[in-house]
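Read the structure below first, then the notes.
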Amino acid sequence: MERIKVLVVEDESEKRSAIAGTLSNVEFIKLEGEAGSADEALEMVEKSNPDVMLIDALLSEDGYKLAEQFSLSHPWIPVIMIEDEINEEAMRKTIIAGAKDAIVYPFPPAKLVDAIHRSFKLEQKKRELQREKKPGAEKDPRRGKVITVFSTKGGVGKTFFSTNLAVSLAKHKGKKVALVDLDLDFGSISLALNLIPRYTIADVVNDIRNLDSDLLNGYLTEHQSGVKVLATSVQPQMANFISSEHIEVIIKILQEAFDYVIIDLPVSAGDAMSPAFQEADLLMLITTQDLAAIRNTRACMVSLNTINYPRHKIRLLLNKAEPRGDIKIRDVETTLEQSLFGLLPAEHRLASSSLNKGIPAVLLNPRAKISRGIQRIARKILENGVATGNE
Ligand SMILES: Nc1ncnc2c1ncn2[C@@H]1O[C@H](COP(=O)(O)OP(=O)(O)OP(=O)(O)O)[C@@H](O)[C@H]1O
Ligand SMILES: [Mg+2]
């Protein structure tokens, strides 16, 4: 029988041994590890890939914060909070942190085991449903291609790239391009394109039950390049009301009317964003040439691999490349065990003046190296997005 691997994050030794004692008596549970701090937990998760995590809310470094971090970076691992008491405040914090359950310590052994079993089963069911959904969507050749732009490190150029890619694709005759700003808290596509959107994703979600291609089209803001933008809401709290079901419906309807649907994601792409990954035909992972970004990208690729994310969809893009950087381009490819789909040089002046003017670099200076790099990527995508190694 496959056992449920559990990681316990608990800094009080008494509680830790009580929990370990309970779990060691259960045949279908394997205590995969015990961490006493957030750092230890992060390290253990990468190594042991647990099925369920127990995190003490009273962890000295703030258990809720750690739970939130994990539910964003490893949304497939359900987190159960261990509380001292459950009151309204604790419930709110648990929900906001993205944990799946909460139990009060000390607990009867059966309660702990039941909570672990339940969270595990629920996650399995979710994965099954996602697997069942996949094949149909991929088979219909008339549907537009979804290109999701992501990185687990901030500021690497996701928004810059998605905006410029959208404009470059739209330059090709007859290609209809939608650009979706899913950075619900700090979205900046409107700024990058100097648009003042009349409607945002908040209006779309309010109308989700009646949504069809025509209605959705009315909520998009057209840029002079022809790209149609679904802008993010200016009320950050709106993010709490947008679910994965909403995102899935929006993507699928956009696919009916557009050749390309480009999605700009935030760094912390939580559960609600999962359709942006599932529905993607290409997942563009952006990295830069520094150690932190490369490590982050590697961790992200390992995580994607763990959930059996199709490797053939992943394209690597090195942005802000410096030919004389300490880390060589070849090293990036070796570390990430994948060749680059694209490489864009660092051109700080153009990038910054483009942002200040609200004009994408490919329009502001189409001959610049960075613009030519983006146009080359656009052509590759038009030619079916086949990875042919280095740029
Ligand atoms: N190739 C480049 N050369 C120089 N500067 C760049 C390049 N690409 C992006 N930038 C600049 O880097 C900054 C961050 O870019 P951007 O906002 O696109 O990153 P992001 O990944 O979307 O960030 P966030 O994680 O905050 O959403 C911006 O000021 C942008 O103009
Ligand atoms: Mg961004």
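In terms of numbering that gives the first Met the number 0, the sequence shown opens at residue 0 and continues consecutively.
The beta carbon of each residue, even a glycine, is placed where N, CA and C say it ideally should be.
{"Asked": "Straight-line gap, E244 to A292 (C-alpha atoms, nearest Å)", "Found": "31 Å"}
{"Asked": "Contact check, V176 vs I261, beta carbons under 8 Å", "Found": "yes"}
{"Asked": "Backbone CA spacing between H116 and K14 [nearest angstrom]", "Found": "20 Å"}
{"Asked": "Three-state secondary structure assigned by DSSP to K29", "Found": "strand"}
{"Asked": "According to DSSP, residues forming a beta bridge with G341", "Found": "L316"}
{"Asked": "N-terminal and C-terminal residue of the alpha helix (DSSP H) that F276 is part of", "Found": "S273 to Q277"}
{"Asked": "CA-to-CA distance, K120 to V398, given in whole angstroms", "Found": "A question about residue 398 goes unanswered here, because the residues of the chain that appear run from 0 up to 390."}
{"Asked": "Any residue whose CB is nearer than 7 Å to a heavy atom belonging to ligand 4, listed in chain order", "Found": "Looking at this structure, you won't find ligand 4 anywhere; what it does contain is ligand 1 and ligand 2."}
{"Asked": "Reduced DSSP category for L282 - H, G, I as helix; E, B as strand; rest coil", "Found": "strand"}
{"Asked": "E42 - DSSP class collapsed to helix/strand/coil", "Found": "helix"}
{"Asked": "Exposed unless 16 or more other CB atoms sit within 10 angstroms - verdict on E127", "Found": "exposed"}
{"Asked": "Cβ contact (3+ pairs, closer than 8 Å) linking the stretch 273-287 and the stretch 300-312", "Found": "yes"}
{"Asked": "Check whether A275 and V226 have beta carbons under 8 Å apart", "Found": "no"}
{"Asked": "Status (buried if at least 16 other CB within 10 Å, exposed otherwise) for G372", "Found": "buried"}
{"Asked": "CB of L315 within 8 Å of CB of T333, strictly", "Found": "no"}
{"Asked": "F149 burial status per 10 Å Cβ neighbour count (16 or more: buried)", "Found": "buried"}
{"Asked": "Option nearest K319 by Cα separation, candidates I313, L335 and D289", "Found": "D289"}
{"Asked": "In DSSP terms, what K4 is bridged to", "Found": "K29"}
{"Asked": "For V78, the residue or residues it bridges with in DSSP", "Found": "M52"}
{"Asked": "Proximity below 8 Å, CB of V361 to CB of S47", "Found": "no"}
{"Asked": "Buried versus exposed call for Q234 [16 or more other C-beta atoms within 10 Å across all chains shown]", "Found": "exposed"}
{"Asked": "Cβ shell of Y63 (< 7 Å), same chain only, five flanking positions each side left out", "Found": "A56, K92 and A96"}
{"Asked": "Assumed close pair M52, I76 - CB separation to whole angstroms, cut-off 8 Å", "Found": "6 Å"}
{"Asked": "Same chain, Cβ closer than 8 Å to E45, five either side skipped, listed in chain order", "Found": "A298 and V301"}
{"Asked": "Best match in D211, L215, N209 and A191 for proximity to T199 [C-alpha to C-alpha]", "Found": "L215"}
{"Asked": "Start-to-end residues for the beta strand (DSSP E) that takes in L58", "Found": "It is not in any beta strand (DSSP E) - L58 carries neither H nor E in the DSSP assignment."}
{"Asked": "Residues that E221 bridges to, as DSSP identifies them", "Found": "K227"}
{"Asked": "Cβ-based burial, A109 [other Cβ within 10 Å; buried from 16]", "Found": "exposed"}
{"Asked": "CB of A98 within 8 Å of CB of S70, strictly", "Found": "yes"}
{"Asked": "Buried or exposed by the 16-neighbour rule on C-beta atoms within 10 Å, applied to E341", "Found": "Note that residue 341 is Gly in the sequence shown here, rather than Glu. Buried: at least 16 other Cβ atoms inside 10 Å."}
{"Asked": "Beta-carbon spacing of R74, S273 below 8 Å", "Found": "Going by the sequence as given, residue 74 is Pro instead of Arg. Closer than 8 Å, so yes."}
{"Asked": "Reduced DSSP category for V266 - H, G, I as helix; E, B as strand; rest coil", "Found": "coil"}
{"Asked": "Proximity of A397 and V78 at Cβ, strictly below 8 Å", "Found": "This structure does not reach residue 397, given that the chain is present from 0 up to 390, and the question cannot be answered."}
{"Asked": "T305 burial status per 10 Å Cβ neighbour count (16 or more: buried)", "Found": "exposed"}
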